[in-house]
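Quick note on numbering: the sequence shown equals residues 4 to 224 in this note's numbering.
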Amino acid sequence: MKKLEKAMVVFSGGQDSTTCLLWAQKQFDEVEAVTFNYGQRHKLEIDCAIQIAKDLNVKHHILDMSLLGQLTPNALTRSDIEIEEKEGELPSTFVDGRNLLFLSFAAVAAKQIGARHIVTGVCETDFSGYPDCRDVFVKSLNVTLNLSMDYQFVIHTPLMWLNKAQTWELADELEALDYVRNKTLTCYNGIIADGCGECPACKLRSNGLNEYLSQKEGEQQ
């Protein structure tokens with residue numbers, strides 16, 4: 004009998020994690036998703052994740068990580084901190100320890116359901132300088148998780164070496180470009196779909212989409 008391959012997807016309801024969720028559904032027999040409530044500014048982010056998991060018929064877990072928001076002041080959890088990026092500094096949207104904790108808790112949850120695969124949308128190509136989105140960090144943590152629980156996890160990062168245009172291309176290959184564009188929340192100002200158009204996340208997303216659509220149009224001519 005073929006062994007059932009299960010995966011746990013770290014899921015925020017944004018473009019990247021939704022694309023990863025759709026990718027995981029193609030790769031594995033059974034997929035569940037976990038979303039973390041870490042005191043983020045916009046509850047709509049969690050609402051989006053709930054709706055997308057429902058649309059895709061994915062079992063969805065929401066874990067309370069509000070202590071993280073209390074420990075580290077940043078623009079994603081505090082409205083009195085401006086969203087800004089300065090040369091030579093980490094962006095104000097960086098949350099210390101976020102991916103370390105999220106992946107660790109995702110691994111604990113995955114082991115409980117017999118899943119060895121963990122999927123995350125971190126990306127070193129468009130990583131905004133976040134140190135916990137680097138490939139070396141993910142590989143290091145993978146080893147640590149395996150040792151800590153004596154369990155052979157595999158952390159998958161399907162977007163690690165893709166730019167935003169290529170991430171949109173992947174969503175299109177998964178026959179979900181319009182869904183990802185219209186149903187996900189990436190905007191730092193909490194506006195669904197194409198967002199505010201002004202924050203760094205929206206600009207990155209929009210530039211990537213325009214690049215991909217131009218490329219696609221050129222290929223079709």
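Glycine included, C-beta positions come from ideal geometry on N, C-alpha and C.
Every value quoted in this text rests on a predicted model; they were computed, and no experiment measured them.
query	result
Return the first residue and the last residue of the beta strand (DSSP E) that E33 is part of.	E33 to N40
Grouping DSSP H, G and I as helix and E and B as strand, with all else coil, what is L207?	helix
Note down, in chain order, each residue of its chain lying with its Cβ closer than 6 Å to the Cβ of A174, except the 5 sequence neighbours on either side.	T22, L180 and V183
Here's a check: name, in chain order, each residue in its chain whose Cβ is nearer than 7 Å to the Cβ of C202, leaving out the five neighbours to either side.	I86, C190, Y191 and N192
For my contact list, A27 and V37 are in at a C-beta cut-off of 8 Å; report their separation, rounded to the angstrom.	Their Cβ separation, rounded to whole angstroms, is 12 Å, which puts A27 and V37 out of contact at 8 Å.
Which partner residues does M11 have in the DSSP bridge list?	E35 and I121
Cα separation between Q30 and T128?	23 Å
Would you please state the rounded distance, in angstroms, between the beta carbons of F140 and F39? I believe it to be under 8 Å.	Not really, about 18 Å apart at Cβ, beyond 8 Å.
Any chance you could list the alpha helix (DSSP H) runs of at least 4 consecutive residues sitting entirely within the segment 130-200, in chain order?	138-152, 167-176 and 180-186
Determine the direct distance from the alpha carbon of L188 to that of A10, and round the result to whole angstroms.	23 Å
Here's the rule I'm using: 16 or more other beta-carbon atoms within 10 Å means buried, otherwise exposed. How should I116 be labelled?	exposed
What's the C-alpha gap between F108 and G132?	23 Å
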